[in-house]
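Peer 1: One structure, pasted below without further comment.
Numbering (this note's numbering), first residue to last: 471 to 625.
Structure representation (structure tokens):
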């Protein structure tokens, strides 16, 4: 702001010289560096906000992914101990309902569960999408991930 005032004062003092004084004033204005750090500080501040947003959103995403994977692993292990395919599916769905994550469980295909008298193989998948807080500013509105788990038992 001081630079603009200086230019205006210099311009008004030398009105009689015309374009030459204006040219000198503009040259002086171009050489002044007052306020240059404000622009640099503004860019650094915006960069820090983006990095903080990246960290916050990434950690939230990883926390939800780890919780989803733990729920899926527990459900599949418990389902592998069931005597029938139908009971195994019920156990997996029950784990997700009780953990509050039933919306994330993908459909369980009949070929993903194979329980016989001597062995059991159970597999399931889940998908989660997390809305971002600050990464939206960088054009990333949603972070999504898949989780899968499989368990086998034999007697």
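Note that beta-carbon positions come from the ideal geometry of N, C-alpha and C, so glycine has one too.
#1: Which two residues bound the contiguous alpha helix (DSSP H) that contains residue 541?
#2: Do you know offhand how far residue 624's Cα is from residue 561's?
#3: Under a three-way DSSP split, which group does residue 619 fall into?
#4: Mind checking whether residue 574 and residue 596 have CB atoms under 9 Å apart?
#5: Go ahead and label residue 586 buried or exposed: buried means 16 or more other beta carbons lie within 10 angstroms of its beta carbon, across all protein chains shown.
#6: Residue 554 by DSSP, collapsed to three states: which one?
#7: Using a Cβ-Cβ cutoff of less than 7 Å, which residues in the same chain neighbour residue 588 once the five nearest sequence positions on both sides are dropped?
#8: Can you list, in chain order, the residues of its chain with a C-beta nearer than 6 Å to that of residue 578? Leave out the 5 residues immediately preceding and following it.
#9: Leaving out five residues before and five after residue 534 in sequence, what residues of the same chain have Cβ atoms less than 7 Å from its Cβ?
#10: List the residues that DSSP assigns as beta-bridge partners of residue 602.
#11: Going along the chain, which residues of its own chain have a beta-carbon closer than 6 Å to the beta-carbon of residue 484, five neighbours each way excluded?
Peer 2: Once the coordinates are examined:
#1: 506-549
#2: 19 Å
#3: Strand, per DSSP.
#4: Yes. Within cutoff.
#5: exposed
#6: coil
#7: 624, 625
#8: 559, 594
#9: 598, 600
#10: In the DSSP assignment, no residue is bridged to residue 602.
#11: Residue placement at residue 484 is flagged as unreliable, the pLDDT there being 49, under the threshold of 50; the coordinate-derived value follows with that caveat. Around residue 484: 491.
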